[in-house]
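Single-structure report; data block below.
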Amino acid sequence: MCALSVPTIALTRGTNGEEVLIPQLGLGTYKIPDDEAECVVRDALAVGYRHIDTAQMYGNEAGVGRAIAACGLPRRDLFVTSKLDNPNHRRDDALRSLDATMGALGLEVLDLFLVHWPLATSTGIDLVDTWRTMIEILHSGRVRAIGVSNFQPDHLRRIVEATGVVPAVNQIELHPWLAQSELRSTHAQMGIATESWSPLGRGRLLTDPVVVRIAEAVGVSPAQVIIRWHLQNGLVVIPKSTHRERMIANADVIGFTLDDAHMAALDALDQGVRTGSHPDQVQV
């Protein structure tokens with residue numbers, strides 16, 4: 185099985201000074217049931233994906249783990265991300281849930297572990313305390329890098345000011361309709377890699393007239409146009425598909441580039457439109 189030719193981004197170094205490189209393109213597994221995840225991830229690895237994104241909340245870590253165990257690839261060739269579920273923010277719950285995650289995935293070391301949602305307005309939850317637990321997990325050596333997901337600029341500043349530890353990644357909803365310019369600027373200032381979930385706007389962007397026009401001009405699919413937009417913006421992108429043919433097409437984005445006019449036209453689509461929840465609305 186040959187790996188895709190995918191660029192990497194260097195993440196904030198861990199406590200041991202190890203350089204952690206995240207492939208800029210990976211496979212998302214949101215809403216893929218556990219009994220299907222093994223087949224889907226197996227196909228993704230077979231066609232060359234080496235970055236797999238899952239989460240405790242998704243309930244499919246075991247299926248992902250079975251695919252990893254069966255693939256025969258060296259562990260060093262894979263990059264695996266999971267995320268802390270909302271009920272597990274308190275220290276003992278977080279440590280216990282990490283044990284379960286590692287067991288389900290069949291891994292001794294996880295490449296990236298994220299706080300899935302900040303829960304900044306949830307009673308009895310303090311995002312600084314949660315981040316301190318994540319730092320403890322990093323120090324344990326069981327994960328190579330730690331980060332967050334769906335954090336807003338004030339959330340990021342709060343945890344960094346309290347601990348001095350900068351998240352390696354913030355995984356956020358991001359696509360041309362929701363370009364997140366302010367948040368991306370904060371990331372750039374703080375040295376945080378930006379990772380895009382729902383990079384195709386849950387499919388809604390595929391029929392946007394501007395996207396379709398650019399796809400026709402370049403001779404590629406609308407999905408390829410949008411994924412290429414993410415890559416050229418220096419973002420990590422994790423499109424989800426359960427179909428092998430679409431996985432192959434989604435990864436076939438290295439052999440062309442979008443010119444400045446195309447990028448500007450896509451940038452101009454930003455309307456602040458979310459397809460998922462706003463972080464301030466998510467609670468335990």
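The sequence shown begins at 185 in my numbering and counts up by one.
Every residue, glycine too, gets a C-beta built ideally from N, C-alpha and C.
Secondary structure note for residue 247: its alpha helix (DSSP H) is the uninterrupted segment 245-255. By the CB criterion at 8 Å, residue 422 and residue 283 fall outside the cutoff. Distances from the alpha-carbon of residue 360 to those of 249, 226, 231, 389 put 389 closest. Looking at the backbone, the Cα of residue 270 and that of residue 402 are separated by about 42 Å. Take the alpha-carbon of residue 262 and the one of residue 316: they are about 27 Å apart. Of the candidates 428, 395, 425, the residue whose Cα lies closest to the Cα of residue 452 is 395. Distance from the CA of residue 290 to the CA of residue 444, rounded to the nearest whole angstrom, comes to 44 Å. Runs of the beta strand (DSSP E) lying entirely within the segment 313-352 and spanning at least 3 residues, in chain order: 327-333. Cβ contact annotation for residue 319 (same chain, cutoff 8 Å, sequence separation greater than five): 330, 347, 349, in chain order. Per DSSP, the unbroken beta strand (DSSP E) holding residue 380 starts and ends at 377-381.
Shown here for residue 337: same chain residues with a beta carbon closer than 8 Å to its own, the five before and five after excluded, namely 366, 367, 370 in chain order. At the C-beta level, residue 380 and residue 358 come within 8 Å of one another. A direct Cα-Cα distance of roughly 7 Å separates residue 235 from residue 209. Going by beta carbons, residue 228 and residue 431 fall inside the 8 Å limit. Counting only the Cα atoms, residue 465 lies some 21 Å from residue 353. Per the C-alpha coordinates, the member of 214, 213, 450, 193 positioned closest to residue 205 is 193.
Around the CB of residue 343, 16 or more other CB atoms lie within 10 Å, so the residue is classed as buried.
From the listed residues 425, 458, 202, the smallest Cα separation to residue 216 is found for 425. Separation of residue 306 and residue 468 (C-alpha to C-alpha, rounded to the nearest whole angstrom) is 6 Å. When beta bridges are read from the DSSP output, residue 354 appears opposite 332, 378. With a threshold of 16 other beta carbon atoms within 10 Å, residue 440 falls short and is exposed. Beta-bridge annotation (DSSP): residue 267 is paired with 298.
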